[in-house]
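Novice: In my numbering, the protein residues as written are 29 to 176.
1. Can you tell me where the alpha helix (DSSP H) with residue 138 in it begins and where it stops?
2. Which partner residues of residue 127 appear in the DSSP bridge assignment?
3. In three-state terms, what does DSSP make of residue 74?
4. Measure the CB-CB distance between residue 160 and residue 132 and report whether it falls below 9 Å.
5. Using 8 Å as the cut-off, can you tell me whether the segment 145–156 makes contact with the segment 74–87, which would need three or more C-beta pairs spanning the two stretches below that distance?
6. Answer yes or no: do residue 171 and residue 128 have a C-beta to C-beta separation smaller than 9 Å?
7. According to the neighbour-count rule (16 or more other Cβ atoms, all chains shown, within 10 Å of its Cβ), is residue 109 buried or exposed?
8. Give me the Cβ distance between residue 122 and residue 150, rounded to the nearest whole Å; I'm assuming they're in contact under 8 Å.
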């Protein structure tokens, strides 16, 4: 009888240790920019080893205005803003697994892509579409999901 109990207990311990460990921690990161601290969203949220970033536009964070120069300039600044947020939270552009890109005009797709591919040679998954009414009159907005 004792031998059966020991075997059962050992079996239970082995099976229990094989169970997937749950890590449901969420960390909401406020913006590092003083002017965005009262925004009703987080710059980034960390969940289970991933960083989910809020959308970024081609805004110069120093002047709080959109950069001049059209879609290519805004795309470059937008991705530089994403890079800064990722690095602030211990990640980088090469850890991006998914991008969502919103263009004001789908006709800007080719010009946007010229800049985009210089930042993402690993080709993360991506969704791109056009929509009007982007924040602050931007021509582009991008959000990303990255590994921490």
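Where a beta carbon is used, it is the ideal one built from N, C-alpha and C, also for glycine.
Specialist: If we stick to the structure as given:
1. Element bounds for residue 138: 137–147.
2. Looking at the DSSP output, residue 127 shares a beta bridge with 154, 172.
3. Reduced to three states, the DSSP call for residue 74 is strand.
4. The Cβ atoms of residue 160 and residue 132 sit closer than 9 Å to each other.
5. Counting Cβ pairs under 8 Å, fewer than three are found: no touch.
6. In contact: residue 171 and residue 128 (Cβ atoms closer than 9 Å).
7. In this structure residue 109 is buried. Its beta-carbon is surrounded by 16 or more other beta-carbon atoms within 10 angstroms.
8. Yes, they are in contact, since the Cβ atoms of residue 122 and residue 150 sit about 6 Å apart, within 8 Å.
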